[in-house]
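**Student:** Just so we're aligned: 13 in our numbering is position 3 of the sequence shown, and the numbers increase by one with no gaps anywhere. Note that beta-carbon positions come from the ideal geometry of N, C-alpha and C, so glycine has one too.
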Amino acid sequence: MVRSIAIASGKGGVGKSSIAVNVALMLSKLGKRVALFDADFGMANAHIMLDCKVEKSLQDFLTKTANLEEVICEAPSGLKLVPGGSGIIELLNLDHTKRWEIMRSLSPLENELDYLIVDAPAGGSDASLDFAAACDTVVVVLVGEPTSFMDAYSFIKALHLEKKYNNVSIVVNMAATAKDAMASYESFKKIVTKFLSVELNFAGWLPNSNEIKNSILSRKPIALQKNQLNTTAVKNLSSITRFLNEIEPTPSPGINFFEK
Ligand SMILES: Nc1ncnc2c1ncn2[C@@H]1O[C@H](COP(=O)(O)OP(=O)(O)OP(=O)(O)O)[C@@H](O)[C@H]1O
Ligand SMILES: [Mg+2]
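Right under this line is the structure:
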């Protein structure tokens with residue numbers, strides 16, 4: 011069975027793509043067969059972070075001028091990248107049927123993968139909710155700001171009420187210390203569990219790190235940099251990866267990427 015993990019958020023710019031790229035690479039380095047699906051259609055950027063040359067886009071796939079194999083890029087460490095296309099207006103406003111078509115198109119990968127990591131678009135749009143709910147684990151990335159809490163809460167509420175999803179893992183990003191990260195998680199959990207019957211798990215935290223910032227600029231993900239192995243950023247990314255590797259999948263009530 012392919013495990014599918016969505017990296018989502020309420021607020022944009024909180025580090026979803028950085029986390030999705032590095033976790034996907036770390037799972038690959040553990041010997042897992044992994045694909046990273048960039049579902050931020052039209053505004054995709056995982057291929058930039060991975061320095062992958064994109065020849066064909068999902069738009070070519072939807073217009074039947076390319077098959078899925080031609081769209082997939084080979085990223086480092088054996089990771090397969092399904093790029094979401096950037097600067098392609100047609101991909102910005104896909105309807106539910108097209109999104110479903112894209113999800114179904116990944117079915118042939120079922121026997122070639124252990125993990126599908128989905129870099130979801132920010133916010134509570136239909137697209138974000140559809141892609142998150144199609145995964146058997148949803149990670150919501152938070153930063154310790156009231157705006158991030160509010161948007162993450164709204165996203166989880168919509169996922170729960172509209173998609174009947176009731177289990178979410180949290181990563182606190184850009185925290186100053188482990189203590190601050192835990193304090194953010196605990197106060198967020200208090201808000202969520204007060205109003206929603208959703209179970210939250212703490213998947214880990216990341217520091218506000220120049221190394222992560224620079225890795226984007228240099229297009230060399232920190233998970234691939236041997237000289238960063240002892241940094242808090244890489245150690246904590248490894249621990250998030252281990253958490254996700256070990257967590258029990260939540261049976262998703264609706265359409266799943268890989269029908270069971
Ligand atoms: N832990 C971190 N420390 C420092 N900078 C970070 C960290 N995580 C992410 N960033 C920076 O924050 C910015 C946004 O990160 P990223 O693109 O991963 O966020 P995102 O949630 O995917 O954004 P979007 O909602 O636009 O897709 C980038 O410049 C990235 O370098
Ligand atoms: Mg992103």
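Based on the DSSP output, what are the partners of Leu119 in its beta bridges?
**Tutor:** In the DSSP output, where bridge partners are listed per residue, Leu119 has none listed.
**Student:** Would you decide whether Asp105 is buried or exposed? Buried here means 16 or more other CB atoms lie within 10 Å of its CB.
**Tutor:** Answer is exposed; the Cβ neighbour count stays below 16.
**Student:** Report the CB separation of Ala45 from Val92 in whole angstroms; it is logged as a contact under 8 Å.
**Tutor:** Right, the Cβ-Cβ distance comes to about 6 Å (below 8 Å), so this counts as a contact.
**Student:** Determine the direct distance from the alpha carbon of Ser179 to that of Leu169, and round the result to whole angstroms.
**Tutor:** Cα to Cα, the separation comes out at about 13 Å.
**Student:** Quick check: is any heavy atom of ligand 1 less than 7 Å from the C-beta of Asn246?
**Tutor:** Not under cutoff, so the answer is no.
**Student:** I want to know whether the segment 104-124 touches the segment 222-230 - three or more CB-CB distances under 8 Å.
**Tutor:** Touching, no, given that fewer than three Cβ pairs across the two stretches are closer than 8 Å.
**Student:** Taking the straight line between their C-alpha atoms, what separation do you get for Ser28 and Ala243?
**Tutor:** Cα to Cα, Ser28 sits roughly 11 Å from Ala243.
**Student:** Rounded to whole angstroms, what's the CA-CA distance from Gly97 to Gly52? Just pull it up for me.
**Tutor:** Taking the straight line joining both Cα atoms gives about 6 Å.
**Student:** Is the closest heavy atom of ligand 1 to the C-beta of Ile15 under 7 Å?
**Tutor:** Incorrect: Ile15 has no Cβ contact closer than 7 Å to ligand 1.
**Student:** Go ahead and pull the three-state DSSP assignment for Thr242.
**Tutor:** Helix at Thr242.
**Student:** Excluding five sequence neighbours on each side, which residues of the same chain lie with their C-beta closer than 7 Å to the C-beta of Glu172?
**Tutor:** The residues are Leu139.
**Student:** Would Ile99 pass as a contact of Phe159 if the rule is Cβ separation under 8 Å?
**Tutor:** Taking 8 Å as the Cβ cut-off, Ile99 and Phe159 do not qualify as a contacting pair.
**Student:** Hey, would you say Leu206 sits closer than 8 Å to Lys167, going by beta carbons?
**Tutor:** Cβ distance < 8 Å, so Leu206 and Lys167 count as in contact.
**Student:** Under the assumption that Ala142 contacts Ala16 (Cβ atoms under 8 Å), give the Cβ distance between them as a whole number of angstroms.
**Tutor:** Between Ala16 and Ala142 the Cβ distance is about 4 Å, and since that is below 8 Å, they are a contact.
**Student:** From Leu72 to Ala193, what distance separates their C-alpha atoms?
**Tutor:** Cα to Cα, Leu72 sits roughly 45 Å from Ala193.
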